[in-house]
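Some notes on the structure that comes next.
In the UniProt record's numbering, the protein residues as written are 1 to 684.
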């Protein structure tokens with residue numbers, strides 16, 4: 001029986017297609033390396049065998065069971081806007097397009113929360129919420145071409161993460177199809193056990209997300225806007241750090257390096273001139289002036305020539321310096337009531353001005369908001385000109401940010417032209433978003449240069465103590481270096497995959513290499529003998545055997561606190577025992593979704609193997625393995641050290657939520673938890 005006939009027989013009621021047009025449309029995501037092949041006419045590579053369009057979780061389960069039974073690779077597909085090579089099928093692959101699962105199942109105005117199916121398109125979903133007086137608060141630049149399921153699968157961040165957090169901070173529960181077609185709901189629990197962090201960010205290798213219950217907020221009644229020019233990007237991020245550690249939560253805080261800021265000002269000047277001359281333009285005259293004396297294609301040739309000497313171009317920009325380029329630009333937008341937004345902006349302005357900033361007024365921030373999604377359409381002209389461009393988003397604690405910025409920028413700069421901005425800040429650290437472009441005489445040479453730039457940048461990020469991804473995910477582009485960041489953690493994810501995808505058909509080759517890592521691992525350094533404070537990042541590193549009271553006393557000497565309610569737990573508990581019990585008395589994660597409890601940790605598994613997850617403010621490198629320890633009673637292993645958030649006297653405005661904090665653990669969830677625990681504890 002043919003491939004198509006077998007699917008038709010097994011899935012008779014589910015729409016499907018193997019037409020050449022559909023095969024080409026579903027052959028890739030928006031990984032820029034794919035674009036290089038397309039410019040050369042190589043559009044027939046990686047065509048899937050079949051595309052199916054289920055319209056319910058039950059139909060998704062049918063497809064999963066069929067693929068598991070037949071050993072056919074299965075790739076969940078949202079809107080195809082991923083940029084890391086998460087979609088790369090072959091002729092045996094079934095692509096599962098989820099866009100027919102787009103219904104809003106319920107809206108709870110009291111919580112407030114919404115249950116929405118995974119195929120809902122982002123912009124339409126947000127507009128429908130706005131009509132009801134709510135917002136999700138999640139605005140990725142891809143919102144016009146991404147889905148709820150894609151956000152969850154890739155651990156997405158939106159442009160307003162400074163107030164509302166990332167997608168993992170918005171999930172109250174997930175409906176998933178896992179295993180061999182089982183439909184299961186995983187609920188979030190503030191004190192654990194909580195399996196949602198294992199599915200969030202799993203990029204389709206552990207199961208298929210079919211629906212999510214997401215936290216909502218009242219649509220903000222007012223916004224306050226401001227922009228500032230700093231003498232350097234370092235001065236700008238020092239001010240951002242001070243703002244977040246003072247308890248301020250700007251919905252938007254975006255810091256552009258001097259060259260990026262210069263280009264933004266140049267664009268504003270061009271827009272003003274265009275508006276001024278609009279009344280004089282005739283279509284013929286406009287076309288002549290656009291082509292100019294050099295003729296069509298001359299601009300593309302100039303661009304290609306410049307980008308073939310990126311080292312020189314980067315040196316020129318660095319040599320010109322912040323003084324000539326007029327500094328780095330910080331954009332701030334606060335949301336909430338008119339009074340609260342204005343008050344918070346005034347506090348932020350005072351911090352900025354103490355850091356040497358010059359106020360630029362509201363216009364740059366208002367202009368950014370009006371054009372916030374335009375960046376999604378800026379790559380195509382670069383590729384049409386015979387060049388290439390891409391982005392890389394990394395993150396680190398504030399104390400390591402300067403080293404990360406310089407290391408990654410230097411590594412990229414040897415191969416491509418580089419710009420950068422910082423767009424997702426937290427009390428303990430920040431992400432850096434690099435934009436780069438390059439060119440080469442041929443597509444093959446461009447691919448080689450592109451690959452070399454990425455290898456150098458990923459190695460630099462790891463060596464500088466950063467995380468490989470803050471919100472784009474891993475896909476296939478970063479998978480070869482995932483073991484370098486997670487070490488044994490990569491093997492733990494492999495073990496979890498054996499539980500959630502026993503047939504091994506869920507998007508094979510994505511996120512993780514097909515086999516577990518066998519690379520030799522260095523032994524972990526011993527836990528600190530006494531709590532060690534990273535004052536810049538407000539993180540305290542303590543041994544798992546340290547008692548909570550000991551850590552608290554060490555912080556009190558610096559005017560800081562763990563912010564634990566010691567009426568709900570004992571200061572005599574060890575850090576390991578406290579985490580195993582679910583961190584009772586810790587700050588409510590729903591009240592300040594921008595913050596988190598533990599930035600990084602080390603653990604000894606039941607097998608004796610050692611696991612290390614380096615500290616980072618947020619990451620998007622697969623499942624969050626801390627979920628295997630929080631509230632799980634030490635069944636997987638013992639926490640040997642953790643980087644805990646330390647808090648100052650200034651606390652942020654609490655975001656109210658009536659969502660349940662600790663829903664009861666259902667029998668089906670408990671069974672999956674037992675299986676995950678058993679798999680993880682045995683990893684060696």
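For every residue, glycine included, the Cβ atom is placed at its ideal position computed from N, Cα and C.
Excluding five sequence positions before and after residue 132, the CB atoms of its chain that fall closer than 7 Å to its own CB belong to 107, given in chain order. Contact between residue 357 and residue 228 holds: their C-beta atoms lie close to 4 Å from each other, under 8 Å.
DSSP places residue 125 in the uninterrupted alpha helix (DSSP H) bounded by 122-131. Within the DSSP bridge table, the entry for residue 393 names 433 as partners. In this chain, the beta strand (DSSP E) harbouring residue 228 covers 222-230. Within the same chain, and ignoring the five residues on either side of residue 496 in sequence, the residues whose Cβ sits closer than 7 Å to its Cβ are 198, 206, 623, 676, 679, 680. Distance from the CA of residue 559 to the CA of residue 649, rounded to the nearest whole angstrom, comes to 8 Å. Taking a 10 Å sphere around the C-beta of residue 314, we find 16 or more other C-beta atoms and assign the residue as buried. For the pair residue 74 and residue 510, the CB atoms are not nearer than the 8 Å cut-off.
Taking a contact to require three or more Cβ pairs closer than 8 Å, the stretch 149-164 and the stretch 418-427 qualify as touching. Annotation: the continuous beta strand (DSSP E) that includes residue 333 extends over 328-336. Our two residues, residue 407 and residue 392, have alpha carbons roughly 13 Å apart in a direct line.
Look at residue 240 here: in three-state DSSP terms it is helix.
Secondary structure at residue 203: coil, using DSSP grouped into helix, strand and coil.
Going by C-alpha positions, residue 543 is about 47 Å away from residue 93. Taking residue 183 as the centre and dropping the five residues before and after it, the same chain places the C-beta of 57, 61, 177 closer than 6 Å to its C-beta, in chain order. Distance from the CA of residue 346 to the CA of residue 644, rounded to the nearest whole angstrom, comes to 30 Å. Between residue 683 and residue 492 a beta carbon distance of about 5 Å is seen, short of the 8 Å cut, so the two are scored as contacting. Contact between residue 191 and residue 582 holds: CB atoms are separated by about 3 Å, below the 8 Å threshold. Residue 196 and residue 253 have their alpha carbons spaced roughly 28 Å apart. Within the model, the alpha-carbon separation for residue 637 versus residue 124 is close to 44 Å. In the assembly as shown, residue 210 is a buried residue. Its beta-carbon has 16 or more other beta-carbons within 10 Å. Going by DSSP, residue 167 is part of no alpha helix (DSSP H) at all; its letter is neither H nor E. Runs of the alpha helix (DSSP H) lying entirely within the stretch 536-609, each at least 4 residues long, are 548-556, 575-580 in chain order. In this structure, DSSP gives residue 381 a helical state, which the three-state scheme calls helix. Taken atom to atom, the span from the alpha-carbon of residue 562 to that of residue 547 is near 12 Å.
Restricting attention to 63, 146, 173, the CA atom closest to the CA of residue 114 is found in 173. The continuous stretches of alpha helix (DSSP H) do not include residue 212, which lies in the beta strand (DSSP E) extending over residues 208-215.
The beta-bridge partner set that DSSP reports for residue 419 consists of 435. DSSP places residue 361 in no alpha helix (DSSP H) but in the uninterrupted beta strand (DSSP E) bounded by 358-361.
CA-to-CA, the gap between residue 337 and residue 219 works out to about 10 Å.
Residue 256 carries a strand assignment under DSSP once its states are collapsed to helix, strand and coil. Here DSSP, grouped into helix, strand and coil, assigns residue 54 to coil. As computed with DSSP, residue 113 is found in a beta bridge with 108, 215. Looking at the backbone, the Cα of residue 81 and that of residue 213 are separated by about 22 Å. Buried is the label assigned to residue 564, since at least 16 other Cβ atoms lie within 10 Å of its Cβ.
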